[in-house]
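Residue numbers (the numbering used here), protein chains in the order written: chain A, 5 to 1045; chain B, 75 to 216.
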């Protein structure tokens, strides 16, 4: 090919090529840029030809990687040139040099529009191309109608129309409002009849984007897509120039099948049959051929067909055909095909239940984990991660650990994160989990994020059985010669907390523990030194009787670090030094760390964070979002620790010290206390994964789906002994307390959320269940539908509560007219910060809400929330988990404190007793843990009778301030469905409300009823306040009654 | 969709760079540098796909030239791989037996051809004949 017509340009390019080194090249470029700059300054003498030549030179220089920070104006102005050659250069170089955010583009928006609506086809093409490549929002708003006109115009040539289609696609992506759905579905249907395959290819891309946002609007186009596919599969009427190595445009086939994946199903039996015929033909008829291009093209079509089959949930036979094909692909030598086999298997796991068949290929997949190509290894890792469950976790995790030894740096972090998550999710036993994490730290310490070792500490802290084992393991690792610093941290932490449990084992005396840990001190960084100091303090505290030598050694270290350069360490050293001279008090201050409140794994959150951004939402993702079971990650897996008793350990256990001593006691701010901060960052609320089974005692309450009949039975049971006389209607409304008060509008609304959801957008979580989870937890998801997720995080201090609502927009389009309103019950004062009108795409907005509790009540605040998305207005009313127990703080009383109080409250209405029937038959320990979740501190030993239980708590409200509440339960070992409940406090309303509240949790009643009793404006005092009976002679408490 | 297309030689000299997403100049330079490093040392026996940040690069080597397309993670890899080949066939046809020098001295033509082939990050025309004819039309106008 001859050189281009511009001699000056060719000479310049030759000059650059002849430069021997970078320095010469730079000189030449600088000279040229200087030249261009001076010429542009004096524009008058510049001929159009010269201008054009300089602008091309600028692009060439820019392409070489040099900054070109002038001449943009001149380039853009060429767009307005009267003649084609200059105009062309203007358009092309502008779209290379500038991006959509450049202000210069605004100047030419009118010229561009004139070119688009003008009569010159060539200019139309130039303008459409530039707007299609770099058009931004402003172009979108001002040009979309004109572009649409060109697309559907019958007088335009295909060359213009295909550009108009893609230009419109760009404008649509910048602003979806520019395509009005109503009119467009018919036009799209017409456009899909297009005979010119170039235009059809472009139109199909536009169509994919449109259906990905709103498939419902384009049902009418579905049969057309099927017809296009049929036509191509049969190679009917396809011009030669649109076949590629004998295959009718593989790209158009792929795009069409992609579009079909956005339709939830295909109902029309005719279309469905025709489509399956095509798919069957593709699945069966794709052979491996020698020609690489032909092979690639036919497999491009085949893989898209596989994706469509998976989406359509074809008949079993076809699905197993697909799995068989994928099984074949993951074993072939050809790397691209093997890669795609692995990738598509992972996708298949997301949509269908093929885990068992895929497991048969496990060995093959593990081989790919050792492939020299990192792309293949990544796919294999993803697939192994996806297919892992309890049955193969051990094998897969061990394989990953082994691979960690040889994996390159680029993969180690991902690898260790995935191994850690799998170990946590599917551990057959917790000691194995500890083994895995310690191995991970040992092998790839640099790549093990802090989250991973925090997590193992949480598990060990919350599982007493595990503590000696973990401590022993940590001790073993310390014997290794070269230890990763993270291992030093975790070992020191574990041995500080639990080292004393090993005291009798060889090499584990406090002295020896100290010596081996102290060996590491000189080589570790500041953050580890801090942990080691805490460990020393703990060792000191556990050394009973005190060992003067050891004490001296440790104190010397504290003394030494008192003047350390790091403030944190300095402070620790000073404080530990002082504390360790306090003798017995040390044991209180440095007591074992309380259990961690259960929380979603930060690791899972982290793994999910790696979200991708794509032009169109992934069809497969859309689909799995629509499936309410949302079984993508863990939802249907058993809890980590499997066994029920163990799971109780993970329950939120609020130790009194956590609330009371936190501020007064600086030493509590040890590193582990930082862990909750790390993990408890607000973003966590976003996490879609919920570890519900472990945390929620209330989940044992039956779901609301109980039969009405059994409800009635229950009520009869319940109401009988209470002897409440009331009109039947009132009983129906308010069965639990049988009070005829339903005047409060809030009460009605609260109920409305449960049934009255006539919105077209349905929540994809169980709103009721989420509310109940949040009643015992302080952060989590409150509500979620396909567009928005509302998370909540709360902090409670006495009678004040600070909640933050997290509104997370899940879409790539904004949520509009967002409104939130709190409908507070009379006992709460609420203040909601202002709510922005719009939630931007993929953004999260935080809305703080302050709550003050005025007095005791079981009434619930309701959040009236609405927004619009597209054409749908969504309005939901959600109960907020601002419930009675949030204002309770457990307190431990000694017998000397308890009994005088109990006695003093022996006043009618202040102490109330009731025989409760129809109780869930729970063993006493379970009732105890239920009480703990309600913030009632169970005080063992106060009641001698083992069938009884006594608990104390403090209630906070503005009227009562801090008020002591005492609770006693006497169970009947013969009949677990009844018990006697006594509640006492210094306020009769509080006594009544608290008693009812506890009752609601004890009674086995469907949740709908139990959770939403509107509260009386004037609470009637419980008729059940019958004088106590003295039929329990053995009990010390009874005597006091 | 295609995020960007790069033509680079083994030394990393860019012969064509077309972005369909708005990037700042510094970011473009970084991307070009990183993509080159990513593909240049890959064994010919490896896949033609390689993950790049949150997307993936589909690349193919022709003599000393690497053609790379950055696409969404959900896009059909093989379709884009053959899209690269089709582009090369078109160039080959247009320049009759294309070589790197043709692309260097006629880089502006390459941009023109690309604009007839891909628009808004999507495939616009897959007929070689249609594109070659269109180029003929345009050349007459100059």
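Note that CB positions come from ideal geometry on N, CA and C, so glycine has one too.
This one's a predicted model, so the numbers in the text were calculated from it and none came from an experiment.
Opposing strand residues paired with residue i [DSSP bridges]
i                      : result
residue 857 of chain A : A/832
residue 797 of chain A : A/783 and A/808
residue 881 of chain A : A/868
residue 130 of chain A : Looking at the DSSP assignment, residue 130 of chain A forms no beta bridge with any residue, so it has no partner.
residue 967 of chain A : A/959
residue 58 of chain A  : None; residue 58 of chain A has no bridge partner.
residue 329 of chain A : None, per the DSSP bridge assignment.
residue 986 of chain A : A/917 and A/972
residue 813 of chain A : A/792
residue 129 of chain B : B/126
residue 596 of chain A : The partner list for residue 596 of chain A (beta bridge, DSSP) is empty, contrary to what the question assumes.
residue 135 of chain B : B/140
residue 894 of chain A : A/957
residue 81 of chain B  : B/90 and B/141
residue 912 of chain A : A/915
residue 941 of chain A : A/956
residue 876 of chain A : A/873
Span separating the alpha-carbon of residue i from that of residue j
i                      : j                       : result
residue 20 of chain A  : residue 65 of chain A   : 10 Å
residue 1 of chain A   : residue 899 of chain A  : This structure does not reach residue 1 of chain A, given that chain A is present from 5 up to 1045, and the question cannot be answered.
residue 150 of chain B : residue 543 of chain A  : 60 Å
residue 248 of chain A : residue 302 of chain A  : 10 Å
residue 574 of chain A : residue 107 of chain B  : 46 Å
residue 219 of chain A : residue 278 of chain A  : 20 Å
residue 832 of chain A : residue 1004 of chain A : 21 Å
residue 774 of chain A : residue 203 of chain A  : 50 Å
Where residue i sits in the DSSP three-state scheme
i                      : result
residue 547 of chain A : coil
residue 252 of chain A : strand
residue 956 of chain A : strand
residue 975 of chain A : strand
residue 766 of chain A : coil
residue 652 of chain A : Confidence in residue 652 of chain A is poor, its pLDDT being 31 and thus under 50, which makes the residue's placement unreliable; the coordinate value appears in the next sentence. If DSSP states are grouped into helix, strand and coil, residue 652 of chain A belongs with the helices.
residue 826 of chain A : strand
residue 120 of chain B : coil
residue 678 of chain A : Confidence at residue 678 of chain A is low in this model, with a pLDDT of 38, below 50, so the placement of that residue should be treated as unreliable; the coordinate-derived value is given next. Three-state result, residue 678 of chain A: helix.
residue 509 of chain A : coil
residue 842 of chain A : coil
residue 558 of chain A : helix
residue 849 of chain A : strand
residue 70 of chain A  : coil
residue 196 of chain B : strand
residue 837 of chain A : coil
Distance CB(residue i)-CB(residue j) smaller than 8 Å
i                      : j                      : result
residue 147 of chain A : residue 168 of chain A : no
residue 607 of chain A : residue 424 of chain A : yes
residue 380 of chain A : residue 121 of chain B : yes
residue 148 of chain B : residue 371 of chain A : no
residue 796 of chain A : residue 811 of chain A : no
residue 478 of chain A : residue 499 of chain A : yes
residue 791 of chain A : residue 815 of chain A : yes
residue 205 of chain B : residue 187 of chain B : yes
residue 99 of chain A  : residue 67 of chain A  : no
residue 490 of chain A : residue 452 of chain A : yes
Contact residues within the stretch 291-321 of chain A, judged by C-beta distance below 7 Å to chain B
Per Cβ criterion, the list reads 297, 300, 301, 303, 304, 307 and 308.
| said: Using a Cβ-Cβ cutoff of 8 Å, what residues of the stretch 193-209 of chain B are near chain A? List them in chain order. | reply: Taken in chain order, the members of the stretch 193-209 of chain B whose beta-carbon sits within less than 8 Å of a beta-carbon on chain A are 193, 194, 195, 196, 197, 198, 199, 200, 201, 202, 203, 204 and 208.
- Query: Which residues, taken in chain order from the stretch 166-192 of chain A, show a beta carbon closer than 7 Å to some beta carbon of chain B?
  - Reply: Those would be 166, 167, 170, 171, 173 and 174, in chain order.
Would you list, in chain order, the members of the stretch 61-75 of chain A that have their beta-carbon closer than 9 Å to a beta-carbon of chain B?
For the stretch 61-75 of chain A, the set of residues with a beta-carbon nearer than 9 Å to any beta-carbon of chain B comprises 63, 64, 66, 67, 68, 69, 71, 72 and 73, in chain order.
Please list the residues of the stretch 114-144 of chain B that have a C-beta atom closer than 9 Å to any C-beta atom in chain A, keeping them in chain order. With the criterion set as a beta carbon lying under 9 Å from some beta carbon of chain A, the members of the stretch 114-144 of chain B are 116, 117, 119, 120, 121, 122, 123, 124, 125, 128, 129 and 130, in sequence order.
According to a CB-to-CB cut-off of less than 7 Å, which residues of the stretch 826-851 of chain A neighbour chain B?
-> If the cut-off is 7 Å between Cβ atoms, the stretch 826-851 of chain A has nothing near chain B.
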